[in-house]
Amino acid sequence: MALRPLCGLAAGWLLAGCATHVNPYYDASKPHHAPDGFRNNHIARVNKPFSDLVRWRIAAIRDGLPPPAKEPTPTAAPNLAQLQQRQPSVTWIGHASTLVQCGGLNVLTDPVFSERASPLDFVGPKRAQPPGIALADLPPIDVVVISHNHYDHLDLASVRALSDRSDGRTLILVPLGLKPFLEREGVRNVAEMDWWDRRVVGGVEFHLVPVQHWSARGLGDRNQTLWGGWAVFAPDLRWYFSGDTGYSRDFADTRARLAAKARDGVLFDVALLAIGAYEPRWFMTEQHMNPAEAVQAHKDLGARRSVGIHWGTFSLTDEPLDAPPRDLAAARRAMGVADEDFFVVKIGETRTIAP
Ligand code: ZN
Ligand code: ZN
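Counting in my numbering, the sequence shown runs from 30 upward without gaps.
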């Protein structure tokens with residue numbers, strides 16, 4: 030329990046301010062570039078002092094948080110035959126890992142197939158459910174998009190396996206700074222992008238877009254690599270993937286910047302939005318949305334519908350693993366969003382998205 034926050038949430042606090050870094054990508058004309066790393070658009074950095082981390086962990090241990098889930102996360106057997114047809118669709122693999130089929134491509138978001146979201150294979154957050162599709166059962170993957178380097182989003186073993194499985198044909202799209210790391214680890218065909226960069230693959234446009242978060246993988250590397258969300262435009266599906274993010278004006282900025290791609294006021298056919306890992310709010314607000322903020326993000330983005338992800342798989346924070354869908358339902362009611370416009374799916378379930 031005490032070691033749990035090592036994964037993604039705590040690594041980087043210790044010694045974070047001790048090392049002097051030079052950002053090799055630094056471009057003074059870009060507000061999110063700093064000489065020593067990267068920063069957010071609307072708050073400088075998600076920078077809690079180490080004493081706050083200790084305060085959170087002590088309180089959680091004292092209060093026995095998170096409470097156990099009342100229900101296991103629903104699962105469904107994957108329909109592998111359907112996936113062969115490459116219809117525009119979203120399949121939830123678990124946590125932030127999804128398979129999106131669009132424009133004839135198979136795209137994976139933040140693929141994590143390992144048992145733990147951790148730098149160590151014997152400690153750290155353990156998955157509550159197996160991946161909705163086993164890695165070996167996946168159709169050929171054309172593109173992987175990575176949001177940032179926290180362990181529950183960038184699982185080196187999974188990315189390396191995907192690269193090897195395709196003999197390097199799978200294109201791995203990452204935010205700035207992650208290409209050298211992945212190449213050192215034997216991952217091939219990696220391309221890194223800055224916020225607002227665009228790359229076209231097989232007629233499908235991939236844009237890295239700003240979100241409010243941070244990065245760290247170990248000690249002393251806080252904010253040395255960039256983080257982001259992805260906006261993807263295929264002829265048959267326009268979709269968004271939030272990665273990890275606090276609620277910020279970045280969603281409205283993304284809609285404004287990409288407004289030319291909207292049709293009838295709708296920019297995205299579907300947005301994959303993180304709805305879990307949000308308690309306690311005093312600690313998490315800047316870095317993770319709660320479901321109510323995700324509903325606001327859904328509106329800000331101009332998404333026709335949204336799917337809530339980043340829940341039900343790894344217990345990272347103080348809310349029960351099954352709380353996000355309940356809180357999402359309450360937020361929908363309070364904010365006048367129809368059930369069918371922002372929903373959750375089962376792990377392993379494929380939802381075809383009509384344009
Ligand atoms: Zn993160
Ligand atoms: Zn996360």
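Yeah, the Cβ is synthetic: ideal placement off N, Cα and C, and Gly gets one too.
Just so you know, these numbers come straight off a predicted model, no measurement behind them.
Counted within 10 angstroms of its Cβ, other Cβ atoms place residue i as buried (16 or more) or exposed
| i | result |
| --- | --- |
| H71 | exposed |
| P239 | buried |
| W311 | exposed |
| G37 | Its pLDDT being 44, under 50, G37 is placed unreliably by the model, and the measurement read from it follows with that caveat. Under this definition G37 is a buried residue. |
| K51 | The sequence shown places Val at residue 51, not Lys. Burial call: exposed. |
| Y55 | exposed |
| M30 | With a pLDDT of 34 at M30, under the threshold of 50, the modelled position of that residue is not reliable, and the figure given next carries that caveat. When all chains shown are included, M30 counts as exposed. |
| R227 | exposed |
| L207 | buried |
| V216 | buried |
CA nearest to the CA of residue i, picked from the options
| i | options | result |
| --- | --- | --- |
| G249 | Q130, D65, K59, V188 | D65 |
| Q316 | V374, G257, R267, L185 | G257 |
| S335 | A321, G247, E369, R84 | E369 |
| K328 | T283, I175, T127 | T283 |
| T254 | F280, V233, E221 | E221 |
| L301 | R278, F210, V261 | V261 |
| T346 | L94, P78, F79 | L94 |
| D356 | V324, E378, N135, I376 | V324 |
| N389 | H177, G215, Y269, G377 | Outside the displayed range of the chain (30 to 384) lies residue 389, so it cannot be described from this structure. |
| T381 | N76, W85, S118 | S118 |
| W259 | V129, K375, P53, R194 | V129 |
| R115 | P97, N135, I122 | N135 |
| G275 | A306, E144, S143 | A306 |
| M364 | S195, L330, P320 | P320 |
| D401 | V203, P204, I175, D171 | Absent from the model: residue 401. The displayed extent of the chain is 30 to 384, so no value can be given. |
| V203 | L185, D265, P60 | L185 |
Cβ distance (whole Å) where residue i is taken to contact residue j below 8 Å
| i | j | result |
| --- | --- | --- |
| D223 | H242 | Rounded, the Cβ-Cβ distance is 15 Å, inconsistent with contact. |
| P107 | G161 | 6 Å |
| P353 | G337 | 6 Å |
| R198 | N218 | 7 Å |
| A157 | S277 | Contact doesn't hold; Cβ gap of about 29 Å is too wide. |
| P384 | D279 | Not confirmed; about 25 Å, so no contact. |
| V141 | D181 | 6 Å |
Counterpart residues of residue i in DSSP-defined beta bridges
| i | result |
| --- | --- |
| H236 | R227, A260 |
| P204 | M222 |
| A245 | Bridge partners of A245: none, in fact. |
| N135 | Q130 |
| Y54 | Y54 pairs with nothing; no bridge assigned. |
| F343 | Partner(s): none; F343 has no beta bridge. |
Through-space distance from residue j to residue i, alpha-carbon basis
| i | j | result |
| --- | --- | --- |
| G341 | E308 | 14 Å |
| D81 | G247 | 19 Å |
| G132 | Q111 | 16 Å |
| I201 | R91 | 42 Å |
| T314 | P148 | 25 Å |
| S139 | A125 | Reading the sequence as shown, one finds Asp at residue 139 and not Ser. Going by the C-alpha atoms only, they are around 6 Å apart. |
| P168 | T127 | 13 Å |
| S58 | K290 | 26 Å |
| A63 | A146 | 29 Å |
| L237 | G231 | 17 Å |
| A163 | K77 | 37 Å |
| A263 | A89 | 44 Å |
| A367 | E378 | 21 Å |
| S143 | L211 | 17 Å |
| Y269 | I87 | 36 Å |
| D150 | S187 | 13 Å |
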